[in-house]
Structures are given as structure tokens and as C-alpha cells.
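Numbering (the numbering used here), first residue to last: -16 to 220. Think of the CB as a built atom: it goes at the ideal place given N, C-alpha and C, for glycine as much as any other residue. None of the values given here were measured: they were computed from a predicted structure. Since the structure comes first, as C-alpha cells, the remarks are kept for the end.
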Ligand SMILES: [Zn+2]
């Protein structure tokens, strides 16, 4: 059963699995970094929104004053043409009321302007703190991306190599190998050069190892514990 081609096939297929796991890990990491970037950007956007809302409030207050000033001008004209003393007094009261509203709004504006100043500082601080972090994460993202691309190229190459080996192995032998692969979790040929079975992890006693090595026929001798074909790395036939 064992020949260099099948052993090589096993090696390449295991390598391919590891590569795919690594790619998946990197893709997960990429998503995490993207999420972090979004969160940081959202924090900056949130500070900006708060500032913009306050600025809008300020504009509305200023517009309100303009409207009141126009209203006062209007009332002053009406006052000139008041029909009687009662109406004249009434208009004066309305003017006073509007002026009073303007004073109150100006006070409010002073408060809002102070709030805007605070929000501007907060926004700049958040930006100053978070933008370098975002830049760093973007660099990290670019690195991950290029690593993924490089691993995908490797994966393509490995897939081609696997297909090439498969096409060079007789189909009945390949079928047998595939069946064994399923049975043995992808590892059909197990290296025992460390003194333990690579497949099942069993450590052989020194006597057992000596006996196994002495009679080892690559492609025939099996691990007495898991049944995989055993071989010694570097000595595979
Ligand atoms: Zn074993």
C-alpha cells in the first residue's frame, strides 16, 4: 500500500487542511479588525453628531431671534398707526414681550455656545485619539489581506499538486487510500520515528519499538494499536 506517491499525497492533503484552517482563522481575524474599525469610527461619528445637533440648536435659536426682531419692527410700524390709546398700549406690551423673549433666547444661546465649545473639544479629542488607532488597524487589515491572498495562492498550488499526484496513482489504489483515509481521520500512514505512533499517539515500549522497526515493511506493517500503516520518516520505501 505505501509508496512515495501516496505518502506525499497524504502530506499534501494534510498541508492543505492546515492551510484552509489558517485561512479561516485569518478571515475571522479580519472580521474582528473590521468590527473594531467600525466601532472606533462610530465613536467619532457619534461625537460629531452631538456637535452638529448642538450647532443646529444654535442656528434655530438665532433664527428665532431674527424672527422676533422682524416681529418687533412690524409691531413698531403698527404702533405708529394705532387707532387708539388702548391699541397703542397693547402693541407696546407685545413689543416688550417679544424683547423679553429675545433676551431669554440670548441667554440660552450663551449656554448653547458654551456647550458647543465643550462638544468641539470632545470631538477633536476623540478624533485625535481614535484616528491613529484606526490607521493602525487598517494597516493590520492590509497585512491580513495580503497574508490571506498569499495563502490562497499556496492553496491553489497545493490543490494542483494533489490532483497531479492523484492522476498518477492507479484508481483502485486511490479508492483504497480514500477509504482508509476516512477510517483513519485523514492519516493513513503513521510515522513512528519518535517512538510513538503519529496516528494514535501510543508510545511503544522499547522492546516493542525494536521489534516493529526490525520487521517493518512499509505498506504492510501496521500499528498494533490503531491499525495504520507505519513507516519511519526518512526511511519510507
Ligand atoms: Zn497507532
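Three-state secondary structure (DSSP) of residue i
i: residue 208; result: coil
i: residue 179; result: strand
i: residue 50; result: helix
i: residue 287; result: Outside the displayed span of the chain (-16 to 220) sits residue 287, for which this structure offers no information.
i: residue 203; result: coil
Buried versus exposed call for residue i [16 or more other C-beta atoms within 10 Å across all chains shown]
i: residue 216; result: exposed
i: residue 0; result: exposed
i: residue 174; result: buried
i: residue 187; result: buried
i: residue 182; result: buried
i: residue 102; result: buried
i: residue -8; result: buried
i: residue 74; result: buried
i: residue 211; result: buried
i: residue 20; result: buried
i: residue 53; result: exposed
Top-ranked residue by Cα proximity to residue i, from the options
i: residue 208; options: 192, 200, 197, 201; result: 192
i: residue 178; options: 213, 43, 79; result: 213
i: residue -5; options: 197, 172, 196; result: 172
i: residue -13; options: 190, 43, 149; result: 149
i: residue 2; options: 104, 170, 139, 110; result: 139
i: residue 82; options: 58, 65, 104, 180; result: 58
i: residue 17; options: 118, 144, 151; result: 118
i: residue 104; options: 30, 189, 206; result: 30
i: residue 25; options: 154, 144, 113, 132; result: 113
i: residue 88; options: 79, 48, 201, 121; result: 48
i: residue 78; options: 95, 165, 60; result: 60
i: residue 131; options: 109, 115, 10; result: 10
i: residue 35; options: 100, 4, 6; result: 100
i: residue 202; options: 45, 190, 163; result: 163
i: residue 7; options: 144, 64, 127; result: 127
i: residue 120; options: -2, 15, 5; result: 15
Near ligand 3: residue i beta-carbon under 7 Å from a heavy atom
i: residue 83; result: Annotation note on ligand 3: not contained in the displayed structure, which lists ligand 1 as its ligands.
- Item | Every unbroken beta strand (DSSP E) inside the segment 119 to 175 [3 residues or more] | 172 to 174
- For ligand 1, residues whose Cβ lies under 5 Å from any non-hydrogen atom: Any residue whose Cβ sits closer than 5 Å to a heavy atom of ligand 1 makes the list: 180, 182, 183, 206, 208, 209.
- Item | Residue ranges of each beta strand (DSSP E) within the segment 53 to 103, 3 or longer | Here no run is fully enclosed.
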